[in-house]
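Please read the structure below before turning to the comments.
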Amino acid sequence: MDEKLARKLRVLADAAKYDASCASSGAPKRKAEKGGLGSTTGAGICHAYTPDGRCVSLLKILLTNYCLYDCAYCVNRRSSNVERARFTVDEVVSLTVNFYKRNYIEGLFLSSGIVRTPDHTMELLIEVAKKLRREHGFRGYIHLKTIPEASPWLVEQAGIWADRLSINVELPTPGSLKMLAPEKNAATIRGAMGQMRERIDEAKEEKRRFSPAGQSTQMIVGADDTRDADVLKTSASLYDGFRLKRVYYSAFSPIPEASAVLPLKAPPLRRENRLYQADWLFRYYGFAVEEIVAGGEGGMLDLSIDPKLAWALKHRERFPVDVNRADREMLLRVPGLGTRAVDKIIRARRHATLRLDDLARLTPGLKRARPFLVVPDHRPTRLLDRADLKARLVPQPTQMELFA
Amino acid sequence: MRRVRLSPGADLDGFRHSVRGLVAEGVPPDEAVFEAGEEAGLFGAPASEEEAPTLSLPRAVADLVRLVVCHADPERYALIYRLVWRVTHGERRLLEVGSDPLVHRLERMAKGVRRDIHKMHAFLRFREAERVGERERFVAWFEPEHHILEAAAPFFRDRFSGFDWSIHTPEASAHWNGERLIVGPGGRPEDAPDVDGFEEGWATYYASTFNPARANTRAMLNEMPKKYWRNMPETSLIPSMLAAAPQRVAAMVAAQPAEPRKRPPTRALRAMTDQEPKTLEDLNRIILASEPLVPGATRAVLGEGRIGSELAFVGEQPGDQEDIEGRPFVGPAGKLLTRALDDAGIPRAEAYVTNAVKHFKFEQRGKRRIHKKPTAGEVKHYRWWLMKELDLVHPRLTIALGATAALALAGKTVSVTKVRGPMGYVGLDGKERQGFVTVHPSFLLRLPDEAAKRREYDAFVADLHAAHELARDLAA
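Line order of the protein sequences matches chains A and B. Position 396 of the first sequence, counting from 1, maps to 396 under UniProt numbering, and the rest follow consecutively. Position 113 of the second sequence, counting from 1, maps to 113 under UniProt numbering, and the rest follow consecutively.
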């Protein structure tokens with residue numbers, strides 16, 4: 001690869017990495033046409049992991065990091081002195097194809113700074129996707145960032161070529177957005193998300209292809225003073241209102257060329273993690289957002305323990321749970337038991353009465369679940385009454401030595 | 001004691017064959033020994049020469065067997081046979097009992113195999129090799145943990161159909177030539193080229209996409225254990241990336257917010273928000289340049305008529321004739337509309353005509369192009385353009401011809417028979433506009449008997465007349 005292109009790749013991958021999503025899931029299964037290139041498996045594949053533990057699935061780059069917007073949290077805002085670069089449409093297409101052929105990636109996640117106008121920028125993004133599909137018969141995964149300020153007909157175009165579309169809500173409240181991202185507007189963003197939801201639903205109903213892997217969004221956490229309760233309420237309303245596949249939470253992390261409005265500190269990674277756990281609880285475990293938030297204090301989740309354990313410790317009267325009798329809903333509330341383990345328990349107990357040894361084979365989380373469970377050979381009543389139960393259950397920090 | 005000899009690797013066929021025989025002969029698991037690979041030669045005789053009856057196993061068991069035979073554990077066949085025996089001897093739903101030690105063990109083995117296959121799909125890296133003939137050629141070296149090459153190879157065939165490739169592993173190799181997937185003998189790392197022109201670029205990408213403020217090696221190692229690293233070019237950068245991370249973060253935090261070096265791009269900012277098409281020509285240029293949003297479709301057929309026309313007529317979509325000529329309402333339905341306008345006393349010059357959907361949606365059947373009705377979703381793909389178009393033409397009254405046009409105006413399904421006549425609708429700016437709903441002239445063409453045709457034609461002309469009156473009233 002020549003020097004100039006390598007520089008662009010360095011600058012424009014660096015500029016794109018603050019988008020948390022790299023998912024390549026949800027697309028209908030496709031195979032390459034005879035002589036063609038690319039497939040999707042449905043579940044998505046992570047082709048590498050960087051030392052930040054994040055998955056590298058798609059070639060995640062910006063078309064350009066020149067940008068007319070001035071969002072305080074963003075390294076690419078127009079007032080930042082960061083190094084700039086711009087890919088041509090053909091350069092992105094060729095990089096994608098060549099990386100894909102070597103099995104480095106599942107496809108492309110393309111976004112861009114706003115150049116000239118939102119429409120012009122959106123047209124370029126669409127052009128890349130169209131060229132990949134048309135000229136290279138590319139059937140791999142394409143995720144396009146939608147620019148909410150672009151004309152609505154461009155969204156209609158983007159959905160034909162992309163597997164997934166996304167618009168970042170960026171900040172949990174319209175007020176924060178107004179303050180930190182002057183060119184953006186919460187109502188415009190929600191309008192475009194509503195448009196995408198409608199088209200995605202209709203296409204599914206009519207068995208046509210339009211962003212078949214749905215839409216997702218991202219919220220930055222820790223750049224403003226929104227509490228977890230409001231972050232979670234916002235995401236619950238986004239899941240409900242726009243049928244999002246995912247809301248990504250991105251801990252605001254130090255960036256080069258930081259803005260004076262947002263002093264830098266270590267990213268609140270633990271908080272981000274707790275939010276993801278809470279997100280899972282209300283989507284898959286039957287918890288209401290209010291219940292989850294009540295597990296912490298003052299609208300913030302407890303950072304020292306996961307939100308399910310926090311809830312259980314505040315509702316000890318609901319425990320212990322009889323593994324051989326409890327319904328699915330209650331089993332899902334037991335700390336340490338995931339949805340998979342619960343389903344296995346329900347299947348297995350039809351055939352035999354489960355004892356502690358059996359449970360150890362059904363879930364990797366038995367140690368955490370024990371104080372909350374009853375089986376014929378185990379009854380934890382006394383443990384549940386202990387005042388120091390929380391202290392006993394807080395995981396001890398362990399450090400994994402990489403180059404020992 | 002019965003000894004069963006199986007080929008090295010994952011010998012699913014051999015195993016299936018012998019298990020059928022063993023079950024048919026009633027050999028319990030404790031009396032069967034399975035030998036795989038080279039050492040198998042020391043013992044004789046396969047379980048049975050004759051084909052025993054097929055076993056009927058639950059689907060989940062068959063799936064589990066297919067995975068576990070790929071496992072590296074020499075005990076795998078004995079364990080599966082134990083499972084098959086129990087399933088065929090009264091415990092048909094055994095797999096539901098995840099707490100059973102045998103089921104638990106086999107499921108973990110299956111999980112290990114599944115993971116190994118998944119990791120091969122993820123972590124294998126091709127290098128470009130010299131061409132043999134016309135086709136591009138790529139070669140990879142990979143070291144799986146289990147006997148998974150044959151199970152993993154179809155994924156690469158489905159994905160990389162357009163070039164030739166070979167995958168070499170220590171115990172076997174797979175080759176694709178555009179037609180067939182061939183399995184060959186094992187090889188060595190040297191079977192793959194030792195460089196590739198894109199590896200440096202890939203490493204550049206890998207290093208740039210890493211956020212030093214979030215270093216988390218535990219998560220990385222969970223998903224990408226070190227055993228895979230040596231065949232992944234990017235992993236050689238990990239030590240230096242991690243070593244530099246704390247300093248990079250400290251430098252970012254310590255840096256004082258800097259004043260922008262460039263002045264704010266005032267003119268560009270003003271121009272940025274000014275992107276709306278301001279004339280019908282602007283909008284039409286956009287429509288012409290855009291991709292059709294319905295299947296079939298060869299070219300966009302734009303609206304026609306004077307800006308500021310008194311009446312705008314919206315049809316469904318261009319038909320065969322319209323698509324050929326590139327003009328709206330020139331086919332049989334268009335001719336009928338012209339006649340009806342005449343009979344209603346509306347000069348054609350006073351009428352702007354366009355369609356809800358700007359492309360001809362059709363299905364090719366032999367030489368004929370069969371008109372396909374656009375779906376609601378497709379009509380909505382085009383709705384933004386129609387609304388903008390009507391705003392720019394700015395008629396006094398918009399007349400929807402038929403259900404598709406009515407749907408396009410209203411933004412939701414509307415029954416023509418029910419709402420026939422004046423209908424308000426909301427434009428993109430949220431303000432109410434005046435519309436009018438009647439039938440599409442093609443409806444008149446399809447009526448079978450003459451009496452109905454005449455009756456409906458008169459009603460259509462009466463509608464046009466009423467619409468014309470309404471438009472005049474709106475002007476007053």
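Even for Gly, the Cβ is constructed at its ideal location relative to N, Cα and C. Please read these numbers as outputs of a predicted model, since none were measured by experiment.
Does DSSP classify residue i as helix, strand or coil?
i, result
"B:D100", "coil"
"A:S166", "strand"
"A:K31", "coil"
"A:K207", "coil"
"B:H17", "helix"
"B:A47", "Annotation note: pLDDT 48 at B:A47 (below 50); position unreliable, no value reported."
"A:S304", "coil"
"B:S173", "strand"
"B:I148", "coil"
"A:K145", "strand"
"B:A36", "strand"
"B:E304", "strand"
"A:I45", "coil"
"B:D194", "coil"
"A:T297", "In the sequence on display, residue 297 of chain A carries Glu and not Thr. DSSP places A:E297 in strand when its eight states are reduced to three."
"A:L373", "strand"
"A:P395", "coil"
Considering just the uninterrupted stretch of the alpha helix (DSSP H) at residue i, what are its terminal residues?
i, result
"B:N284", "280 to 289"
"A:S235", "228 to 242"
"A:V128", "118 to 136"
"B:D63", "59 to 68"
"A:R7", "3 to 14"
"B:H465", "450 to 475"
"A:M330", "328 to 331"
"A:R270", "269 to 284"
"A:L177", "174 to 180"
"B:M387", "376 to 393"
"A:F99", "89 to 101"
"B:P441", "441 to 446"
"A:R86", "Run containing A:R86: none; DSSP gives neither H nor E here."
"B:L6", "Run containing B:L6: none in the alpha helix (DSSP H); it sits in the beta strand (DSSP E), 2 to 6."
"A:I346", "339 to 348"
Run through the DSSP bridge pairs and tell me what residue i is partnered with.
i, result
"B:F155", "BP columns for B:F155 are empty, so no partner."
"B:A140", "B:I167"
"B:I399", "B:F313, B:F436"
"A:Q215", "A:L165"
"B:G424", "B:Q434"
"B:E363", "B:I370"
"A:L154", "Per DSSP, none; premise fails for A:L154."
Return yes when the Cβ of residue j is within less than 8 Å of the Cβ of residue i, no when it is not.
i, j, result
"A:G299", "A:P268", "no"
"A:A85", "A:K8", "yes"
"B:Y81", "B:L6", "no"
"A:P371", "A:L389", "yes"
"B:V69", "B:F34", "no"
"A:D240", "A:Q277", "no"
"A:P335", "A:A312", "yes"
"A:I160", "B:E291", "yes"
"A:E149", "A:T188", "yes"
"residue 492 of chain A", "A:V289", "As shown, chain A starts at 1 and ends at 404. That puts residue 492 of chain A outside it, with no answer to give."
"B:F155", "B:E136", "no"
"B:L397", "B:A340", "no"
"B:V353", "B:P328", "yes"
"B:A153", "B:A174", "yes"
How far does the beta strand (DSSP E) with residue i in it reach, from first residue to last?
i, result
"B:E128", "127 to 129"
"B:V314", "311 to 315"
"A:F109", "107 to 111"
"A:K60", "58 to 62"
"B:I182", "181 to 185"
"A:A251", "246 to 251"
- [ ] Tell me the start and end of each unbroken alpha helix (DSSP H) in the region 199 to 272 of chain B that is at least 4 residues and wholly inside, in chain order.
- [x] 199 to 208, 217 to 223, 238 to 254, 266 to 272
**Asked** Could you give the uninterrupted runs of the beta strand (DSSP E) lying entirely in the region 317 to 359 of chain B, keeping only those of 3 residues or more?
**Response** 351 to 355
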